[in-house]
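Undergrad: Have a look at this one.
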Amino acid sequence: GAVVSQHPSWVICKSGTSVKIECRSLDFQATTMFWYRQFPKQSLMLMATSNEGSKATYEQGVEKDKFLINHASLTLSTLTVTSAHPEDSSFYICSAYRGGNTEAFFGQGTRLTVV
Amino acid sequence: GENVEQHPSTLSVQEGDSAVIKCTYSDSASNYFPWYKQELGKGPQLIIDIRSNVGEKKDQRIAVTLNKTAKHFSLHITETQPEDSAVYFCAASRSYNTDKLIFGTGTRLQVFP
Chain P
1 GAVVSQHPSW VICKSGTSVK IECRSLDFQA TTMFWYRQFP KQSLMLMATS
51 NEGSKATYEQ GVEKDKFLIN HASLTLSTLT VTSAHPEDSS FYICSAYRGG
101 NTEAFFGQGT RLTVV
Chain X
1001 GENVEQHPST LSVQEGDSAV IKCTYSDSAS NYFPWYKQEL GKGPQLIIDI
1051 RSNVGEKKDQ RIAVTLNKTA KHFSLHITET QPEDSAVYFC AASRSYNTDK
1101 LIFGTGTRLQ VFP
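Taken in sequence, the protein lines are chains P and X.
The numbering used here numbers the first residue of the first sequence as 1 and each following residue consecutively.
The numbering used here numbers the first residue of the second sequence as 1001 and each following residue consecutively.
Shown next as structure tokens:
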């Protein structure tokens, strides 16, 4: 089946630095990808919709200058957490639609810890 | 916007018993309702979904029912097994293959041997 892969699976960074998370669709092209954030024991909260070749659409309350999303190709979207702080520590998950008669496929998630 | 509520937040059952998780949604335009299983440290995995043109769907031990009039849908797991233990999320969307998913708050299911 379709596979969505995230890299890295986990990352630890120092407060104030930036971290980039990649989301790749391995065997299909995805014009649209979604980024979610999940705090411990909570639900997945949609952060933004990433559209290939255009600007991302951010959900209310999500700072677009802090969470930079780039969807430069049909198989890759990146989320960059800029000037990370401990409160940004979370589990970040992406998903993508292959198109046609298929559901969304989710990546395995990236655990970000800011120290 | 869409709001999805899910109950219960935790559910403990004995192996072999049934488990039922319920969700309600607010957006009458929603027409796709998937259920996901999430194990610790992993991304969610689709276990079953239902579209608004059907009222019930079954896949072996798992079934989902949808009541569009009341705006609620439920997940039913029969003959539960310890490996069913995980966090389950319902979600709603306006389109099954293009639109964003709004997730419920999750249910932690524990199946005791």
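Even glycine gets a Cβ: it sits at the ideal position worked out from N, Cα and C.
Closer than 9 Å by beta-carbon distance: list the chain X residues that pair up with Q29(P), in chain order.
TA: As a position in the first sequence, residue 29(P) is number 29, starting the count at 1. By Cβ distance, chain X contributes nothing, its closest Cβ being about 14 Å from Q29(P), past 9 Å.
Undergrad: Are Q38(P) and L46(P) touching if we call contact CB-CB under 8 Å?
TA: Working through the first sequence from its first residue, we reach residue 38(P) at position 38. Working through the first sequence from its first residue, we reach residue 46(P) at position 46. Not a contact, by the Cβ cut-off of 8 Å.
Undergrad: List the residues of chain P that D1044(X) touches, going by C-beta distances under 8 Å, in chain order.
TA: Here residue 1044(X) is taken as the residue at index 44 of the second sequence, counted from 1. Correcting the residue identity first, residue 1044(X) is Pro in this sequence and not Asp. What P1044(X) touches in chain P: L44, I93, F106.
Undergrad: Taking buried to mean at least 16 other C-beta atoms within 10 Å of its own C-beta, is I21(P) buried or exposed?
TA: Position 21 of the first sequence holds residue 21(P). With 16 or more other Cβ atoms within 10 Å, it is buried.
Undergrad: Roughly how many angstroms separate the alpha carbons of I1021(X) and Q1014(X), rounded to a whole number?
TA: Position 21 of the second sequence holds residue 1021(X). Position 14 of the second sequence holds residue 1014(X). Each residue's Cα considered, the two are about 15 Å apart.
Undergrad: Rounding to the nearest angstrom, what Cα-Cα distance links N1053(X) and Q1006(X) in this structure?
TA: Taking the first residue of the second sequence as position 1, residue 1053(X) is located at position 53. Taking the first residue of the second sequence as position 1, residue 1006(X) is located at position 6. Roughly 22 Å separates the two Cα atoms.
Undergrad: Quick check on this structure: which residue in S1085(X), S1095(X), S1012(X), Y1025(X) has the alpha carbon closest to the alpha carbon of E1002(X)?
TA: Residue numbering aside, residue 1002(X) sits at position 2 when the second sequence is read from its first letter. Comparing Cα-Cα distances from E1002(X) to each of S1085(X), S1095(X), S1012(X), Y1025(X), the minimum goes to Y1025(X).
Undergrad: Under 7 Å, CB to CB, which of the residues in the segment 1072-1101 of chain X have a partner in chain P?
TA: Per Cβ criterion, the list reads F1089, Y1096, N1097, T1098, K1100, L1101.
Undergrad: Compare the Cα-Cα distances from S83(P) to each of P8(P), K14(P), W10(P) and report the closest residue.
TA: Reading the first sequence from its first residue, position 83 is the one you call residue 83(P). The residue with the shortest Cα to Cα distance from S83(P) is K14(P).
Undergrad: I1047(X) bridges to which residues according to DSSP?
TA: Walking along the second sequence from the start, residue 1047(X) turns up at place 47. Bridge partners of I1047(X): none, in fact.
Undergrad: Give me, in chain order, the residues of the same chain whose beta-carbon lies closer than 6 Å to that of D1099(X); leave out the 5 immediate sequence neighbours on both sides.
TA: For the purposes of this step, residue 1099(X) is taken as residue 99 along the second sequence, with counting starting at 1. Within the same chain, D1099(X) has close Cβ partners S1093.
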